[in-house]
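Enquirer:
Protein chains in written order, with my numbering: chain A, 2 to 161; chain B, 2 to 161.
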């Protein structure tokens with residue numbers, strides 16, 4: 002995987018997330034990119050990331066995907082608002098204030114999951130991001146996250 | 002760890018969850034027990050389960066803990082409603098319809114996390130469970146889950 006995602010531009014100190022940190026060698030290293038006005042993140046669960054039943058994905062992973070993808074989307078959207086792409090300016094870092102996931106159908110394991118997100122609201126350091134989770138073309142979950150930008154990354158002057 | 006939790010009584014087919022399945026050898030094997038009217042689950046995150054910053058827990062793990070603990074609590078509460086403890090009757094299995102987590106403060110890594118839950122509503126196959134997440138005595142998150150009992154476990158006559 003050599004695709005560059007939003008998360009690859011997080012400052013080093015903020016790049017240790019198990020879900021999406023490029024510096025977490027045990028993590029999932031999720032990568033989010035723009036696809037027109039939306040952002041997209043694709044991930045194929047590991048065989049042991051099952052739910053109660055052996056053929057579905059565990060709910061905590063779905064929540065993790067939504068969480069990390071929405072945090073990345075908030076950061077990239079903040080840059081985009083200022084007219085920049087990730088990599089062109091220091092990347093802000095958003096953390097989750099609130100996360101809601103509605104599970105619509107079981108997510109099958111062994112299939113690539115696609116998470117798509119869009120900005121619902123962006124105001125000061127707060128962002129509201131809505132997401133959908135699909136597997137094999139079927140939507141299995143919907144999420145919404147309230148994200149808050151860390152102050153220290155709001156004033157960063159140099160990307161590390 | 003030889004403590005018996007609610008999850009140890011799930012039927013085999015429903016015991017593969019990465020979060021709490023006793024048959025998932027790679028999983029976290031969360032265990033929930035009653036503590037008076039509340040249920041409690043304790044877990045010390047693994048060193049790599051960090052958030053963006055190296056000294057905090059990633060949000061997806063918090064969501065996972067709330068999710069699995071609420072599912073287990075719903076199952077045990079359903080039994081309790083009928084006058085039984087886990088192990089005395091076949092264990093029902095609840096799945097998550099909706100999960101909400103409010104992140105109040107960063108959860109430090111290296112500290113045992115305690116998740117507590119209580120039943121807010123139990124009606125037919127639906128249960129609403131509220132949870133709190135604490136680390137080192139400080140509450141760091143609150144959650145609420147809507148759980149739905151799987152029909153097949155509602156009619157189970159024998160625990161496997």
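Beta carbons are placed, not taken as given, at the ideal position from N, Cα and C, and that holds for glycine. Keep in mind that this is a model prediction, so the values were computed, not measured.
Roughly how many whole angstroms lie between the Cα atoms of residue 136/B and residue 82/A?
Expert: Locating residue 136/B in the second chain gives position 135, counting from the first residue. Locating residue 82/A in the first chain gives position 81, counting from the first residue. For the pair residue 136/B and residue 82/A, the Cα-to-Cα distance works out to about 37 Å.
Enquirer: Can you tell me whether residue 55/A is helix, strand or coil according to DSSP?
Expert: Stepping through the first chain from its first residue, residue 55/A is reached at position 54. Coil at residue 55/A, not helix or strand.
Enquirer: Alpha carbon to alpha carbon, how far is residue 22/B from residue 15/B?
Expert: In the second chain, counting from the first residue as 1, residue 22/B sits at position 21. In the second chain, counting from the first residue as 1, residue 15/B sits at position 14. Approximately 8 Å, taken between the alpha carbons.
Enquirer: What distance in whole Å lies between the Cβ atoms of residue 10/B and residue 40/B, which are believed to be in contact at a cut-off of 8 Å?
Expert: Taking the first residue of the second chain as position 1, residue 40/B is located at position 39. Taking the first residue of the second chain as position 1, residue 10/B is located at position 9. Taking the Cβ atoms as the reference, residue 40/B lies roughly 14 Å from residue 10/B, outside the contact range of under 8 Å.
Enquirer: Just the Cα atoms here: how many angstroms apart are residue 33/B and residue 38/A?
Expert: Position 32 of the second chain, counted from the start, is the residue given in the question as residue 33/B. Position 37 of the first chain, counted from the start, is the residue given in the question as residue 38/A. Cα to Cα, the separation comes out at about 43 Å.
Enquirer: Counting pairs of beta carbons, one from the stretch 119-136 of chain B and one from the stretch 87-96 of chain A, are three or more of them closer than 8 Å?
Expert: Counting Cβ pairs under 8 Å, fewer than three are found: no touch.
Enquirer: Where do the N-terminal and C-terminal ends of the alpha helix (DSSP H) with residue 24/B fall, by residue?
Expert: In the second chain, residue 24/B corresponds to position 23, counting from 1. From DSSP, residue 24/B is part of no alpha helix (DSSP H); its letter is neither H nor E.
Enquirer: Using only the alpha-carbon positions, how far apart do residue 150/B and residue 57/A sit?
Expert: Residue 150/B sits at position 149 when you count from the first residue of the second chain. Residue 57/A sits at position 56 when you count from the first residue of the first chain. Taking the straight line from one Cα to the other gives about 16 Å.
Enquirer: Mind reading off the beta-carbon distance from residue 66/A to residue 114/A? Whole number of angstroms is fine, and I expect it under 8 Å.
Expert: As a first step, residue 66/A is located in the first chain; it is residue number 65 there, counting from the start. As a first step, residue 114/A is located in the first chain; it is residue number 113 there, counting from the start. With 8 Å as the limit, residue 66/A and residue 114/A qualify as a contact, their Cβ atoms being about 7 Å apart.
Enquirer: Hey, does residue 101/B have any beta-carbon neighbour from chain A nearer than 7 Å?
Expert: The count along the second chain starts at 1 and reaches residue 101/B at position 100. When Cβ-Cβ separations below 7 Å define contact, residue 101/B makes contact with chain A.
Enquirer: Bridge partners of residue 143/B, per DSSP?
Expert: Taking the second chain and counting its residues from 1, the one referred to as residue 143/B is at position 142. Partner(s): 103/B, 133/B.
Enquirer: Which residue comes first and which comes last in the beta strand (DSSP E) that contains residue 118/B?
Expert: Here the question's residue 118/B lines up with position 117 in the second chain. Counting along the chain, the beta strand (DSSP E) containing residue 118/B begins and ends at 114-124.
Enquirer: Report the rounded CA-to-CA distance for residue 28/A versus residue 50/B, giving the unit in angstroms.
Expert: For the purposes of this step, residue 28/A is taken as residue 27 along the first chain, with counting starting at 1. For the purposes of this step, residue 50/B is taken as residue 49 along the second chain, with counting starting at 1. Using only the alpha carbons, I get a separation of about 8 Å.
Enquirer: Comparing the C-beta of residue 8/A with each C-beta of chain B, is any distance below 7 Å?
Expert: Counting from 1 along the first chain, the entry for residue 8/A is found at position 7. Not an interface residue.
Enquirer: Quickly, what does DSSP pair residue 148/B with across the bridge? List them, please.
Expert: As a first step, residue 148/B is located in the second chain; it is residue number 147 there, counting from the start. Among the bridge pairs identified by DSSP, residue 148/B is matched with 97/B, 128/B.
Enquirer: Using a Cβ-Cβ cut-off of 7 Å, state whether residue 1/A counts as contacting chain B.
Expert: Nothing in the structure corresponds to residue 1/A, since chain A is present only between 2 and 161.
Enquirer: Apart from the five residues on each side of it in sequence, which residues of its chain come closer than 6 Å, Cβ to Cβ, to residue 64/A?
Expert: Against the first chain, residue 64/A aligns to sequence position 63. Only 102 meet the Cβ criterion.
Enquirer: Counting along the chain, where does the beta strand (DSSP E) carrying residue 42/B start and finish?
Expert: The residue labelled residue 42/B in the question sits at position 41 within the second chain. It spans 39-44 - the beta strand (DSSP E) in which residue 42/B sits, taken as one unbroken run.
Enquirer: Short check: CB of residue 46/A to CB of residue 110/A, under 7 Å?
Expert: Residue numbering aside, residue 46/A sits at position 45 when the first chain is read from its first letter. Residue numbering aside, residue 110/A sits at position 109 when the first chain is read from its first letter. For residue 46/A and residue 110/A, yes; Cβs fall inside 7 Å.
Enquirer: By the 8 Å beta-carbon criterion, what residues does the stretch 26-42 of chain A contribute toward chain B?
Expert: 26, 27, 28
Enquirer: The alpha helix (DSSP H) that contains residue 68/B, what's its start and end?
Expert: The residue given as residue 68/B occupies position 67 in the second chain. Run containing residue 68/B: 60-82, per the alpha helix (DSSP H) assignment.
Enquirer: Residue 75/A and residue 148/A - do their beta-carbons sit closer together than 7 Å?
Expert: Within the first chain, the letter at position 147 stands for residue 148/A. Within the first chain, the letter at position 74 stands for residue 75/A. Closer than 7 Å, so yes.
Enquirer: How big is the Cα-Cα spacing for residue 104/A and residue 144/A?
Expert: Counting from 1 along the first chain, the entry for residue 104/A is found at position 103. Counting from 1 along the first chain, the entry for residue 144/A is found at position 143. When rounded, the distance between both Cα atoms is 9 Å.
Enquirer: Using only alpha-carbon positions, find the residue among 31/A, 118/A, 19/A that is nearest to residue 8/A.
Expert: Taking the first chain and counting its residues from 1, the one referred to as residue 8/A is at position 7. Nearest C-alpha to residue 8/A: 31/A.
Enquirer: Taking Cβ positions only, does residue 150/B come closer than 7 Å to chain A?
Expert: Counting from one through the second chain, the residue named residue 150/B turns up at place 149. Judged by the 7 Å Cβ criterion, residue 150/B is not in contact with chain A.
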